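In the numbering used here, the protein residues as written are 61 to 200. All C-beta atoms, glycine included, are put in the ideal place defined by N, C-alpha and C. For clarity, every value in this text was computed on a predicted model and none was experimentally measured.
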Amino acid sequence: MTRLTRRYRFPASHRLQAASLTEAENRELYGKCNNPHGHGHNYELEVTVRGRVDGTTGMLTPVEELDRLVASVVIRDLDHRNLNCDVAAFANLVPTTENLAEVVRQRLAAAWGKAFGVSGVVLDGIRIRETRKNSVELKN
Numbered sequence: 061m062t063r064l065t066r067r068y069r070f071p072a073s074h075r076l077q078a079a080s081l082t083e084a085e086n087r088e089l090y091g092k093c094n095n096p097h098g099h100g101h102n103y104e105l106e107v108t109v110r111g112r113v114d115g116t117t118g119m120l121t122p123v124e125e126l127d128r129l130v131a132s133v134v135i136r137d138l139d140h141r142n143l144n145c146d147v148a149a150f151a152n153l154v155p156t157t158e159n160l161a162e163v164v165r166q167r168l169a170a171a172w173g174k175a176f177g178v179s180g181v182v183l184d185g186i187r188i189r190e191t192r193k194n195s196v197e198l199k200n
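Pasting the structure below:
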């Protein structure tokens, strides 16, 4: 089995604020990430796929196909957005990197069959790097 990872970047802003907590509890829990005006990150998304290398092309999959999928179901809706206000998935969900990773995984999984059909290429996992010190990885 071969794995291929592509990297994508998108800036976005957010405020970590749980509706079920008081203002004081939110400040204590999220610290500077609870800034009322929000703050931004230059997120780095890695999407890993796995499957068998095609004997004719020598490729697992044309990377342009993966790029199109990620652009259409992830980047288009997250790039330069305020996650709290502009992305419906976060209307009732705190936009932590953990939750962002799950939203991205769900979006890719929902569109996967249409993009890759029966090619045998499957989504292996994703990683979102929020800062130099913080990343979240989900494996399928």
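Beta-carbon gap between residue i and residue j smaller than 8 Å
{"i": "V134", "j": "V164", "result": "yes"}
{"i": "L89", "j": "V109", "result": "no"}
{"i": "T156", "j": "E106", "result": "no"}
{"i": "R187", "j": "S195", "result": "yes"}
{"i": "V130", "j": "A78", "result": "no"}
{"i": "G185", "j": "K199", "result": "yes"}
Sequence-distant residues of the same chain with beta carbon closer than 8 Å to residue i, five excluded per side
{"i": "P71", "result": "G100, H101, N102, Y103, D139 and H140"}
{"i": "G98", "result": "S73, H74, R75, N142 and N144"}
{"i": "L81", "result": "L89"}
{"i": "R69", "result": "N102, Y103, E104 and L105"}
{"i": "N152", "result": "A79"}
{"i": "S132", "result": "A171"}
{"i": "R87", "result": "N94"}
Exposure of residue i, with buried meaning 16 or more beta-carbon neighbours within 10 Å
{"i": "C93", "result": "buried"}
{"i": "T121", "result": "buried"}
{"i": "E197", "result": "exposed"}
{"i": "R189", "result": "buried"}
{"i": "A161", "result": "buried"}
Rounded C-alpha distance that separates residue i from residue j
{"i": "A170", "j": "M61", "result": "23 Å"}
{"i": "R167", "j": "V181", "result": "16 Å"}
{"i": "D146", "j": "D114", "result": "40 Å"}
{"i": "A149", "j": "N159", "result": "10 Å"}
{"i": "R63", "j": "E83", "result": "44 Å"}
{"i": "T191", "j": "L183", "result": "24 Å"}
{"i": "G177", "j": "G91", "result": "44 Å"}
Contacts around residue i, its chain only, beta-carbon distance under 7 Å, and the 5 residues preceding and following it disregarded
{"i": "E85", "result": "none"}
*Residue ranges of each beta strand (DSSP E) run of no fewer than 3 residues wholly in the region 68 to 126, ordered along the chain?*
99 to 111
_Give the list of continuous alpha helix (DSSP H) stretches no shorter than 4 residues that lie fully inside the region 129 to 161._
143 to 146
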